[in-house]
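Shown next, in structure tokens, is the structure this report addresses.
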């Protein structure tokens, strides 16, 4: 009769708070959150201001009318406002989370 193998060791017990500890280790420092949120908020503000300035220029309106694009001025304005709102929202989220 062949010898029986030794019993397998019991798996180590994992405490329930390992996910909390892992989340604490993955948090950014305050400086990183401030720099990251300032970058997102600044980029959103710059997009809003420079995009709005471009849409108000008469030469751009004339070039858009000549181009025959299916995206008119209102669609481009909505795109710029949506993008800048998303970037500013990401900056606020980055700051608070």
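Residue numbers (this note's numbering): 51 to 147. Glycine residues also receive a C-beta, built at the ideal position from the N, C-alpha and C atoms. In this text, all values refer to a predicted model and were calculated from it rather than measured experimentally.
Item	Value
Can you tell me where the alpha helix (DSSP H) holding residue 118 begins and where it ends?	Careful: residue 118 lies outside any alpha helix (DSSP H) and carries neither H nor E.
Kindly give me the distance between the Cβ atoms of residue 137 and residue 93, rounded to whole angstroms, as I take these residues to be in contact under 8 Å.	5 Å
What does the alpha-carbon distance come out to for the pair residue 113 and residue 128?	19 Å
Is residue 53 near the ligand SAM, judged by its Cβ being under 7 Å from some heavy atom?	Ligands are entirely absent from the displayed structure, and the ligand SAM is therefore not among its contents.
Quick one, are the C-beta atoms of residue 98 and residue 141 less than 8 Å apart?	no
Cβ atoms of residue 145 and residue 83: under 8 Å apart, would you say?	yes
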